[in-house]
Structure formats: structure tokens, C-alpha cells
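Quick note on the UniProt record's numbering: the sequence shown kicks off at 1 and runs consecutively.
Here is the structure we will look at.
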Amino acid sequence: MAMAAPRKLRGHKSTVTCCIASRDRPGLVVSSGEDGCICWFDLRCKDVQFTIDVGTEPVSSLCFKTGNEHVLYASSGNEIKSFDVHTLSSSSWKPLESYSYNKDEINQVVCNGKSSFLASADDSGDVKIIDIGSDTQSTSGQCLNPAFVHSIAVPEIDMVDKLDKICAVARGDGVVDLINIESELSRKVTSSKTSKGGSSSSNDNVIKRVRLDYSVGGHKAAVSCVSFSLFPEKGRFLVSGGNDKTVKIWDCFKCLDSDNNNNNDNRGFLHMNIDLTKKVNWLCTNQSDSENLVVCDTTRVVKWTFFKWLLDTQVSYLFLLGSYKCHKTVPFSTIPKISLLTTMKPQRTQPRPLVFFFLLLLLATVSSSSPLDPKQLKALKSLKTITTTKDPCNNNKNHSSSSITCDSASPFRHVTSLSFTNRSSVSLYSKTLKPLSKSLLSLSFNNCPSLSPPHHLPTSLHSFSAVSSFHRHGLSGVFLARLVNLTSLSIISTPISTSGLYVILGNMRKITSLTISNSKLSGKIPKSFHSNLTYVDLSNNLLRGTIRTSITLLSGLKSLNLSHNSLSGQIHYGIGDLIWLKNLSLASNELSGPIPNSISSMPELTHLDLSRNQLNGTVPSFFSEMKNLKHLKLADNSFHGVLPFNESFIKSLEVFEIGGNSGLCYNHTVLSSKLNLGIAPCDKYGLPISSPPQKEDSTSEEEDDYDGEENEVKKEEHHGSDKTVLGVAIVLSSLVFLIIFLILLAKWCS
């Protein structure tokens, strides 16, 4: 059976701040807004029934009086007003009562009608208790401070006699306080009498306040919501959810047991802990026989848990029995009821394997039974991503040129991810993509060079990727700039035409991963980036100018690749502020100047590539102290001096490139020539031994294998042999000349 589309109830002129539903009169909904109005809706009608103009300040919270829902309490600013529905008319009205005990703006108000008290929490951390059954209004004053109050809860009726006037407070410091209002009020009266000379007669067995913090298994972060259980046994359990991604279930009876508290025995307060994957925003328990816990976390999914089975078996397993978008109305009757689980005995601490198998089989059947949305199925056929009538979500392996991922929603599943590979023709028209736009979160194109990009893409996309695609027309910066909700953008070997990177990134405030590589991207590095970026790859492009300080302000950056561009200037000293950076590549640019010492302040750095630049100065010695460094490339620069590394450090590196630096040499007494570093050894002056020898230089430097003192000895021997040869040559030439002269003289005389 298809689920009806959610209805929109219109009546406010500004943002709605609170919405409550009547238990006594099903279909009656009351809402408040920042416009200072309260609207009554009847779900059987379309229009608002009537509106109360409370004032100019926003109405932040609403609650009915338990047992008498004709009375409504509303908080506006630091004031609480009560209204009787029967006395309201379209022309005139006035509040029954008004309470102004809070000093700051009230963020929540709750009421216990049978015990006749209101509890109101404000932004300063105060919780005020107002006795609405007394002729003279009083307040318990400041119940706790300074922790910010996130939520408060009171029993809607006196669930059991043991609870009485109880208020639960969820605090911003991770603590849940259970406050006995009766004892708080009596404590104030007693203290006032004592101050006047009277004697105290307080009952020591009355539990005034119970603190549920991390020491008893409580939350480790802010508690966002708290609620009393509504199913039988009503009020037995207190349920709290927090920013530590957990739901805590507390046993109220044990918490309020005076014997346990007097003995400082806090064991057993925490009945159960449920771990979730996201922070908990809101929760409640269902007031019906189905006994479900409903949790809404920071995702868009509402989770139902079969609460009674969890409590009876004391097993901390959380099963998702239904998942729907938060903005849709889903009746609790749609949740599967598994009777086998309720028959398990409470003393068992582990469920039977057969029951687990049955549950997993049932869940698998439920999740796989939902078909794909018919409109989206038709769209996929138009895109030629499927050729059969089978559900593409369940037969994804048959599509070699397309990859499809679907959610697990009910009654229809929806496409969340779509990928095209090696496609030469796809009709990417706006009308074709429109049925997919509401659910599609990821779209990618791989090796689709002949395709033309779509004219419009869903702005709801979280991820967009184009690899070796759209070679005919390319992508424009304006086209990409429309994808304002992207968290990941990957453009590789796909041409981009834009005046600068700032055009693309201007409105992408959620982006965390940016890859634009080998895409002919020109211009300069933007003056500012959005701070969420953790991965940046702009390699193999036409970027010019300097590496601006905007890069150094990305405090969460883990990888930066600006290699193979035309960047110039020096490496900014602020690069050392990127303390989480693991990979840094600035290779094949026109960078100059020395390596900044601030790089030593990057403890997570594992890959550093500064090769093929014009960097100069000496190679810093701090590299040998960077324990996580595994890849170090400094080749083809203008470094000079003696390499400051020892052999153990060089061998600890997986990759080390230092060649191509003509002014750099290594100490042959520290490093072996077998390392093949690509640089010459140093002479006794710390200068590289050149090869081949210069004509005007001594011939003793004609081979690189001559080292140290041995080389000096060979130099002297070589010089001595040269002088001997020269002397012999002179003598022989003189004798030859003398013989020739004598022969000529003899002929002349004869």
C-alpha cells in the first residue's frame, strides 16, 4: 500500500518553533512560531481553525495541561501564559494566567496536571518549578546552573506513586538530573524556617536529587533529549539521548530508591546502553501496546526499536524495524510486530540462535520486498541504464555500463547513486533526470568522452565525478557552481572552461573533497576557501601566481596536491600550520627560495614532494626527526651544501630522491656510494667533486672514485710522472737536433 504524501498545514508567517498533538482529541494539532502566533489545526480540514496572537516575541514552546487539554501553556520570551480554548474567539481573548519567573528566554515548558506543577527551562541554565495548584504562585527557583539545559521532562500523569513530582533535566555537560520537586519545595520551606530559629524536620529518606553522569554509565557529551516511558509499566524507565551517539535507558525505580542512594550503591541505575552511528536529536516512546522506542538522529531517518524485547532480554542489540524520511507521516501500525521476541524469558541474557536467524531472515525479506519507485524505474529505462523489467536495485550486477545504488525505504525504494561507464550515448535531458532528482545524491561519469554534459543537474547532489568524459564540450565553471550541496567534487582529465577556481567554489560551503586534475584549469589560487576542505588536488593544470595564505588556513586539510602547474614565489611559512596534513606535493612548478622550517611542525606528514622546482639553500636537517615521513622527493632543484642525513634515516624512507642538485654533495664518511643518491661526494672543503675534470684543473680530479688522503697521494704521484716524461722528451729532442745539426755541418764542410 503506497504511503500518502505528507500534508502541509499553513498558518504561520514565519518559522514554526514547536508543534504538539492532542491525545484526547485525535486530529487536533497546535503549533507556535517566530511570528508570535499560536495556530490550531484540524487534520480533517485544510485551513487553520483559529490563531492566537500572543505578542511580538517568538513563541518557543507549547504544552497541554494533562487531563484537561482545554488549557494550553505557551512560553514567549521569559514569560509563560495559559489559555482556555473555550474562552477564545476570533475577536477577543486574554490569558488565564501569566508566570514570569525565568530570567532568560524560555526554551521549553512541560506540565504535570495531576501534581499541579509546571517546569520551565531557559537559555541561562535555570529550571523553574511553578506550583499551579496553589493560590499564591511560588517557584523553587534556580534548580541547576550553569550547564545549558537542552531538554526537560515530567510525567504526563502520576504514572506510579513512587515518581510523584519528578522532573528530569537533560544538561549540556552530559548529566541527567532527576529532581524531586516536592523535596525541593520542602527544602526551601525548611531552610527558611531554620533561618528564623526553627528546627529542621526534613525526612532524610526522601531523595531530593539524583545525578546520572558518566560515573554511573551516563553520557560523555551533551544530553539532547529525555523522555519517560509511556508503555506499561508507565514511568518505569527514563530514556535519554545525546551527542555521544548513544541512547541510555535508566531504571527510575532504582534511581529513586532511598536505600540504594543512602548506601551510595549506583549499580543498576543504567538499565541499557544503545550505541548509534549519529548524534541523537529527539526521541520518544510510543503510548501503545507495540512498545516502541522512536529515535530521530542527525540523519533524515527515523528509527524504530522493539523496546519491550530489549528490556526483557537485557541484550544491547538495536534492530532497525522501519526507516522513513523524517518529513513523512508514518503510522506506528506499519511497524512489524514480531511476537516470537516477546515470549523470551527475562532471565536469559542472550537470545536463541533460532530467533536471531528468524529475525535476520524477516528483516532481509522486508528490505528486499520494496520495489523501485515506478517513476524512477521509467527514468532509468529512458537513460538506457537498464534493459530488462527486473528491479535494477536487486540486479545491479547485470549492468556493465551503469552502476545503481538504492536506499531501503518503504513502500518504494529510490535511486541514491548513479554511475555511467564507457557510455557513448545517454539522453541526459532535464525531464529525464527530474524523477531522480529528489533522491539522487551521487552521480559519476567514467570514460565517457563523447557524451555531452546535462544542461541541469539536481542541486541535491552530494557527490559529482567526471573522469575522462565530456571531451567535446567540456564543463563550465557556472555549470559546476550550481551544485551548492556538494561535499565531494572530482573532475579528472575532463576539460573545464572558467575564469578561475573561485567561480566554481563560491557557494560550495559543504565541500570537503576537491579534485580537479588535468583539466586545463587556469587562473590563480582563490583568496579564500571554505574551511571544511580536507582533501585538495589541483595537479596538472595551468594555475599561476603564488601559493596564497588561504591554503594555510585550512586547518583540517589532510592532503594537498598542487604539482605540475606554473606556481611561483616562495613556499609560505604558514604551511606549517597544517598540522593534520599527511600528503604534500608541490612538484613541477617554479617555486624558489628555501624550504621553510615550519614544515617541521607537521607531525602527520608522510609524503613530501618538492622536486623539479627552483628551490635553493641547504637541505634542512629536521626531516630526519619527522617520524612519520616515508616519501621525500627533493630532486632537480638548486640545493647546495652537505646532505645532513645519515644512512639509517635514508634506509627508513620508502622513497628518497635527491639527484639533480649540482651544488649538493654527501659526506663519504657517513654515507656509502652504494646508496646511489645521484649526487657527488664532498671533498675536504665540503664541495662536490666534479666529473668530468676541467681543463685548467689538476688532473687528479678525473675520477670520482678517488677519495680523501688516498686521492691526494695519487695526485702527487701523477704530477711526478708528468715531470719525468717531460724531461725525457726534452733530452731526446735535443739529441735528435744535435745529430741533425752535425750531419748538415759535415756535408757543408765537404
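We treat Cβ as the ideally placed atom computed from N, Cα and C, and that holds for glycine.
Computed from a predicted model, the values in this text were never measured in an experiment.
Close beta carbons around residue i, own chain, < 6 Å, minus the five adjacent residues each side
| i | result |
| --- | --- |
| Gln-137 | Residue placement at Gln-137 is poorly supported in this model, since its pLDDT is 45, which falls under 50; the coordinates still yield a value, given next. Correct list: empty, nothing qualifies. |
| Ser-14 | Gly-33, Glu-34 and Asp-35 |
| Asn-532 | Thr-512 |
| Asn-507 | Val-484 |
| Lys-747 | none |
| Leu-363 | Residue placement at Leu-363 is poorly supported in this model, since its pLDDT is 46, which falls under 50; the coordinates still yield a value, given next. So the list is empty, once near-sequence residues are dropped. |
| Phe-737 | none |
| Ile-20 | Val-30 and Leu-62 |
| Val-210 | Leu-178 and Cys-255 |
| Pro-596 | Ile-571 and Tyr-573 |
| His-471 | Pro-449 |
| Asp-24 | Glu-69 |
| Lys-403 | Going by the sequence as given, residue 403 is Ser instead of Lys. Closer than 6 Å at Cβ, skipping near neighbours: Ser-419. |
Residues that residue i bridges to, as DSSP identifies them
| i | result |
| --- | --- |
| Pro-688 | Cys-682 |
| Asp-537 | Thr-515 and Asn-561 |
| Ile-52 | Ile-38 |
| Met-272 | Ile-249 |
| Cys-393 | None; Cys-393 has no bridge partner. |
| Thr-421 | Asn-446 |
| Val-467 | Asn-446 and Ile-492 |
| Tyr-99 | Ile-80 |
| Val-30 | Ile-20 and Trp-40 |
| Lys-45 | The identity of residue 45 in the sequence shown is Cys, whereas the question assumes Lys. For Cys-45, which the question treats as bridged, DSSP gives no partner whatsoever. |
| Asp-131 | Phe-117 |
Residue of the options minimising C-alpha distance to residue i
| i | options | result |
| --- | --- | --- |
| Pro-371 | Cys-406, Ile-575 and Ser-382 | Cys-406 |
| Leu-605 | Pro-449, Trp-250, Val-210 and Leu-578 | Leu-578 |
| Arg-236 | Val-149, Ser-555 and Phe-269 | Phe-269 |
| Leu-72 | Asp-47, Leu-118, Gly-556 and Lys-103 | Leu-118 |
| residue 755 | Pro-603, Ile-575, Leu-610 and Trp-580 | Any property of residue 755 remains undetermined from this structure, which presents the chain solely from 1 to 750. |
| Asp-251 | Ala-121, Asn-243, His-271 and Gly-242 | His-271 |
| Ile-129 | Leu-634, Asp-84, Ser-460 and Ile-179 | Ile-179 |
| Asn-667 | Ile-689, Asn-616, Phe-41 and Leu-238 | Ile-689 |
| Val-85 | Tyr-99, Trp-40 and Arg-509 | Trp-40 |
| Ser-493 | Asn-540, Ser-733 and Ser-568 | Asn-540 |
| Ser-410 | Lys-434, Asp-373 and Ser-444 | Asp-373 |
| Ala-680 | Val-642, Gly-67 and Cys-448 | Val-642 |
| Asp-170 | Val-216, Cys-255, Val-226 and Val-16 | Per the sequence shown, residue 170 should be read as Ala rather than Asp. Checked all of Val-216, Cys-255, Val-226 and Val-16; the closest Cα to Ala-170 is Val-226. |
| Ile-152 | Ser-116, Gln-108, Glu-590 and Leu-581 | Gln-108 |
| Gly-242 | Lys-220, Ser-229 and Leu-230 | Lys-220 |
| Glu-654 | His-631, Gly-663, Leu-457 and Asn-676 | His-631 |
| Ser-439 | Phe-529, Ser-463, Lys-278 and His-564 | Ser-463 |
| Gln-49 | Gly-660, Phe-64, Leu-28 and Ser-116 | Leu-28 |
| Thr-277 | Asp-244, Val-216 and Asn-112 | Asp-244 |
Close beta carbons around residue i, own chain, < 8 Å, minus the five adjacent residues each side
| i | result |
| --- | --- |
| Pro-526 | Gly-500, Leu-501, Tyr-502, Leu-505, Arg-548 and Ser-550 |
| Asn-646 | Ser-624, Val-670 and Leu-671 |
| Ser-673 | Pro-681 |
| Asn-447 | Thr-421, Asn-422, Val-467, Ser-468 and Ser-469 |
| His-150 | Ala-170, Arg-171, Gly-172, Ala-222, Val-223, Ser-224 and Cys-225 |
| Tyr-535 | Thr-512, Ser-513, Leu-514, Thr-515, Leu-557, Lys-558 and Ser-559 |
Residue i in three-state terms, based on DSSP
| i | result |
| --- | --- |
| Gln-570 | coil |
| Glu-505 | First, the residue type needs correcting, since residue 505 is Leu and not Glu in the sequence shown. The answer is helix: DSSP assigns Leu-505 an H, G or I state. |
| Val-175 | coil |
| Cys-63 | strand |
| Tyr-214 | helix |
| Trp-282 | strand |
| Val-109 | strand |
| Lys-13 | coil |
| Ala-587 | coil |
| Leu-383 | coil |
| Asp-84 | strand |
| Phe-649 | helix |
| Ile-525 | coil |
| Val-154 | coil |
| Asp-373 | coil |
7 Å Cβ shell around residue i - same chain, five flanking residues per side excluded
| i | result |
| --- | --- |
| Asn-78 | Ser-100, Asn-102, Lys-103, Asp-104, Glu-105, Ile-106 and Asp-122 |
| Thr-618 | Phe-639, His-640 and Gly-641 |
Quiz item: Between the segment 472 to 491 and the segment 411 to 419, do at least 3 Cβ pairs fall closer than 8 Å?
Solution: no
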